[in-house]
Every structure is written in C-alpha cells, then in structure tokens.
Amino acid sequence: MKRILPLILALVAGMAQADSNSDYRAGSDFARQIQGQGTGSIQSFKPQESIPGYNANPDETKYYGGVTAGGDGGLKNDGTTEWATGSPVKPEKPSQSPS
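Structural data, given as structure tokens:
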C-alpha cells in the first residue's frame, strides 16, 4: 500500500494540472474573443442619449479650477448669497413645482 500511495498521488496531481491548464486555455480563448468590446462601448457612449438632463458644460464648472487649484473657486460666496436671498424650494423643471 505504501508503494501505491505515491503513484496515486502523482496521478491525481497530474490530472489536476491538466485540468487547470485546459481551464486557463478556455479562459484565455474567451478573453481573446471579447477583447476590445468594453473599450468600444465606452468610446461610442453618448451620455446625452442615456442620462436625462445631461449637460457637457454645467454651470458648476466655474467652481472647478483643476486638481492643483486651491480655494473653493467662489463656491462659498455663491452658496452664502443663495442661502440668504434664494427661495427655499427651487424646482429644476416646471413639472416639478410644489403644489
């Protein structure tokens, strides 16, 4: 029995290795088939067709000065002014006005 055990273990390990090789090959083939599909989806995406109210240049862009910019770009002043003088409810669209 002691002589057969190493032989059985070697056979089982060999089968596991062969199985993992075929799994790797199948995954690699699948990845090769779909390569570039995700990139193509992102490059052909048109947000204005998918996101309601999308605007490529919203008013809030004036507050962003870049990654290295300091300060708040006037956001604090504009927020304080709006808080002091603005309406508490400001509907985005006429259909959303409070009743």
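Residue numbers are given in numbering that gives the first Met the number 0: position 45 of the sequence shown equals residue 44, and the series is strictly consecutive. A virtual CB, placed ideally from N, CA and C, is assigned to each residue, including glycine.
Specify, as a first and last residue, the run of the alpha helix (DSSP H) that E59 falls within. Looking at the DSSP string, E59 is not in any alpha helix (DSSP H), and its letter there is neither H nor E.
Boundaries (first-last residue) of the alpha helix (DSSP H) holding G35: Element bounds for G35: n/a, residue is neither H nor E.
Nearest-angstrom Cβ-Cβ length linking G73 and Y62, presumed shorter than 8 Å: 7 Å
Less than 9 Å between the beta carbons of Q47 and A55, yes or no? yes
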